[in-house]
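Peer 1: Take this structure first; my questions come after.
Numbering (this note's numbering), first residue to last: 111 to 426.
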């Protein structure tokens, strides 16, 4: 499978990510991007701090469904050849299909697979796992180690690629930890068919809870086109407007931070220090502790002005 993106498009993407200086050498030759866990983590964090989870197109699309073809997603995110990036993102299928073609273009061994989410009640996932409503990438490095790469699960998404290793907790943001567990979900009849289950807990003494499950089974663009018809309709039917952007250390100017917020140790190439969110007219900020409201809007005119102010988004 070849990437839908050209070398010039990949170079523009890498330049926009503004990765640490040691990665500048790969902008002119994207295919030479290093295939290591450290480099994959840096790339992933660049992705989630530049391209937010954003379902605005679900509600403002001219058609019944969002266009999730990679050749349509790229200009939406990155602009035309002679224009700057829009600072927009997309909903899960858009962001992960986009990142899949980035990974392919950079020479990573990767495939996409479908995900069964659990419904949330008052923000907490519970009950049965539903049908295919989400997407993740699976990346295998030259070492043979495989990674779960989820670039668009909103505020509870992982902030780094997770090794496909069962029961290996990783720090996420604030006190939250995430992990993958290899096991079964309640509705399964054949327990020998194991699934990977993405879990979280909001503190080391808290109980683990499960968000979603997936199998090591390749999905194709045609599969996601089918999913897109349902997920576009479902999101529009619910009427919720969401944007979630992870914040990297050193890029929090203009945010109303409290004492001690935004401070980070320079032990990682791209540290994640918080997340900025928009939910149904309200802008919220979480810097690893409690979420607080920092702005709100009533009209569409105010809303789009606010999205430009806080997220830097441009709309054509």
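For each residue, glycine too, the CB sits at the ideal point set by N, CA and C.
#1: Note down, in chain order, each residue of its chain lying with its Cβ closer than 6 Å to the Cβ of residue 243, except the 5 sequence neighbours on either side.
#2: So what does DSSP say about residue 139, is it helix, strand or coil?
#3: I need the DSSP call for residue 229, collapsed to helix, strand or coil.
#4: What is the rounded straight-line gap between the Cα of residue 126 and the Cα of residue 366?
#5: Mind checking residue 204: buried by the 16 CB within 10 Å criterion, or exposed?
#6: Going straight from the alpha carbon of residue 133 to that of residue 143, what length do you get?
#7: Buried or exposed: where does residue 258 fall if 16 or more other Cβ atoms within 10 Å of its Cβ makes it buried?
#8: Which residues share a DSSP beta bridge with residue 125?
#9: Do you know how far the Cα of residue 277 is from the Cα of residue 293?
#10: Closer than 8 Å is the cut-off here; do at least three beta carbon pairs connect the region 353-372 with the region 156-174?
#11: Residue 165: buried (16+ other C-beta within 10 angstroms of its C-beta) or exposed?
#12: Per DSSP, which residues does residue 443 bridge with? Please list them.
#13: With distances taken Cα to Cα, identify the nearest neighbour of residue 343 among 174, 327 and 180.
#14: Whole angstroms are fine: how far does the CA of residue 150 sit from the CA of residue 256?
#15: Write down every uninterrupted run of the beta strand (DSSP E) in the region 248-324 whose length is 3 residues or greater and which is fully enclosed by it, in chain order.
Peer 2: The relevant details are as follows:
#1: Result list for residue 243: 227 and 341, in chain order.
#2: Residue 139 falls in the coil class under three-state DSSP.
#3: In the three-state scheme derived from DSSP, where H, G and I count as helix and E and B as strand, residue 229 is classed as strand.
#4: Distance between the alpha carbons of residue 126 and residue 366 is about 25 Å.
#5: Buried, by the Cβ-count rule.
#6: The straight-line gap from Cα to Cα measures roughly 8 Å.
#7: Buried, because 16 or more other Cβ atoms sit within 10 Å of the Cβ of residue 258.
#8: DSSP output for residue 125 lists no bridge partner at all.
#9: Their Cα atoms are separated by approximately 10 Å.
#10: At 8 Å Cβ cutoff, the stretches touch.
#11: Classification of residue 165: buried, given that the 10 Å Cβ count is 16 or more.
#12: Here the chain has residues from 111 to 426 only, and residue 443 is not among them.
#13: Selected option, being the one with the closest Cα: 174.
#14: One alpha carbon belongs to residue 256, the other to residue 150, and they sit about 11 Å apart.
#15: Fully contained in the region 248-324 are the following beta strand (DSSP E) runs of length 3 or more, in chain order: 256-259, 287-293, 305-311 and 319-324.
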